[in-house]
Each structure stands twice: as structure tokens, then as C-alpha cells.
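So in our numbering, spot 114 of the sequence shown is number 284, and the numbers just go up one at a time.
Using N, Cα and C, we set each Cβ at its ideal position, and we do this for glycine too.
Data block below; observations after.
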Amino acid sequence: MQEISIYLPGILLAYSAFLLAIASPGPNILAVIGTSMSVGRSSGMALAMGVASGSFTWAILTVFGLSAILSTYASALLAIKVFGGLYLLWLAYKSFKSAASTHDIEPRELAGGRRTPYGYFKRGYIIQMTNPKAALAWIAIISLGLKEGAPLWVGAVIVLGTFMLSVAIHLMYAVAFSTPAMVRLYGNSRRVIQGVLGTFFAFAGLKLLASRA
């Protein structure tokens with residue numbers, strides 16, 4: 171129990187960063203929204219599962235990659251935290267910039283015509299795996315939860331937990347945004363949401379830069 175209490179705050183912070191990261195629509199979320207609106211809810215859900223699976227893959231690759239680096243170069247943790255902290259501050263800047271902008275989200279149907287459910291799943295996976303920002307985001311998220319000498323179960327808890335959250339949130343996007351009314355509702359509250367996201371990213375980034383273990 172004592173070991174759990176040591177790593178639990180970092181794990182919860184990683185979960186929080188992940189949740190807020192996908193609360194701000196990027197190319198993957200906009201693809202899910204656009205597919206749900208223009209094609210149908212089931213196609214949007216298939217695409218959402220592909221995106222979630224791609225996110226799961228990035229999480230596994232990041233955990234094993236960072237664990238391998240830390241097991242060989244313990245001093246690398248500081249460099250990883252500095253990188254992660256700076257990236258979170260960059261996300262904060264992007265969120266605040268979005269909050270100040272009058273530009274709204276523009277969900278669009280995917281190019282290439284209609285697909286089978288598996289085709290949408292595969293497309294969602296490809297969208298997530300070919301997004302370079304996903305790799306940077308996962309380095310920041312995982313570095314929030316990993317401490318020097320952290321056991322393997324910490325990484326496993328972060329990966330499995332974020333995967334379940336990813337499936338739930340992406341499917342929620344597919345279901346909720348299958349109607350234009352939900353897009354308008356989000357548009358009306360977008361600035362407040364982005365402002366909250368920017369505040370959290372700034373807090374998490376500064377916390378990561380200030381940490382030493």
C-alpha cells in the first residue's frame with residue numbers, strides 16, 4: 171500500500187493530462203466527429219475505436235521506450251521531464267490561443283469515399299499513428315507518471331487506464347457529435363473549455379519542470 175501511495179499522485183496526474191488532451195479536438199477527434207455527422211454513428215464509432223487503438227499503441231511504445239532509457243541512463247529522467255514540461259507549456263499556449271480565437275471547429279468527412287466498419291477502424295488507427303504530435307504528447311503524459319526506479323506495474327496502470335479512458339471518450343465523441351446540435355453546443359462553450367485546458371497544461375508543465383524525482 172505504501173508503494174501505491176508513492177506512485178498514485180503521478181498516475182492520476184497522467185490520467186488528468188490525457189483526459190484534458192483529448193478534450194481539445196485535434197485531427198483525430200475532428201475525423202470522428204465529421205464521420206459521425208456525415209456518415210453515421212456506427213461508422214464514427216468504428217473510427218473512434220481505431221483512434222483509441224492507435225493511442226494504446228503509442229502509450230505502449232512510449233512506456234517501454236522511456237523505461238529502457240531510464241534503466242540504462244538514470245540521469246535521462248531529468249531531460250525527459252524538461253522536454254515533457256516544455257511540451258505541456260506549448261499545449262497551454264495553443265489552448266489559450268484557441269480560447270482567444272473566434273475560429274470554430276470544422277468537422278469534415280474523410281476523403282476517399284465511404285468505407286466498411288473495418289475500413290473506418292483502420293483509417294482511425296492510421297490517423298493516430300501518423301500524427302507526430304501524438305508521440306510528443308505521450309512522452310509528456312508518461313513522464314508525469316513515471317518516477318526514477320518506478321516498477322513496471324506503474325507503466326502498465328497508466329497504459330491500461332488511459333486506453334480505457336480513450337475508448338470511452340472517443341466513443342462518446344462519436345455518439346454525442348452524431349447530431350449538429352452538439353457541435354453548436356461545443357462551439358458556444360469552446361472558449362471556456364480551451365481556457366480551462368490551458369490553465370491545467372500550464373500547471374502540469376510547471377510542476378513537471380520543477381520536479382526532481
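The criterion of a C-beta distance shorter than 8 Å is satisfied by Phe-266 and Gly-368.
Apart from the 5 residues on each side of it in sequence, Val-221 sits with its Cβ closer than 6 Å to the Cβ of Asn-198, Gly-294, Gln-298 and His-340 in its chain, given in chain order. Secondary structure of Ala-320 (DSSP, three-state): coil. Rounded to whole angstroms, the separation of the alpha carbons of Arg-285 and Tyr-343 is 19 Å. Counted as a single uninterrupted DSSP element, the alpha helix (DSSP H) harbouring Phe-291 occupies residues 287-299. Every alpha helix (DSSP H) stretch that sits fully inside the region 187-211 and reaches 4 residues is listed by chain position as 197-208. In the DSSP assignment, Ser-313 falls within the unbroken alpha helix (DSSP H) covering 302-315. Put simply, the region 311-327 touches the region 175-194. At least three CB pairs are less than 8 Å apart.
By the neighbour-count definition (other C-beta atoms within 10 Å, threshold 16), Ala-216 is a buried residue. DSSP places Phe-347 outside both helix and strand once states are collapsed to three, so it counts as coil. One thing to note: Pro-287 has its Cβ within 8 Å of the Cβ of Ser-212. Ranking Leu-256, Leu-190 and Ile-230 by CA distance to the CA of Val-327 puts Ile-230 first.
Around the beta carbon of Val-362, fewer than 16 other beta carbons sit within 10 angstroms, so the residue counts as exposed.
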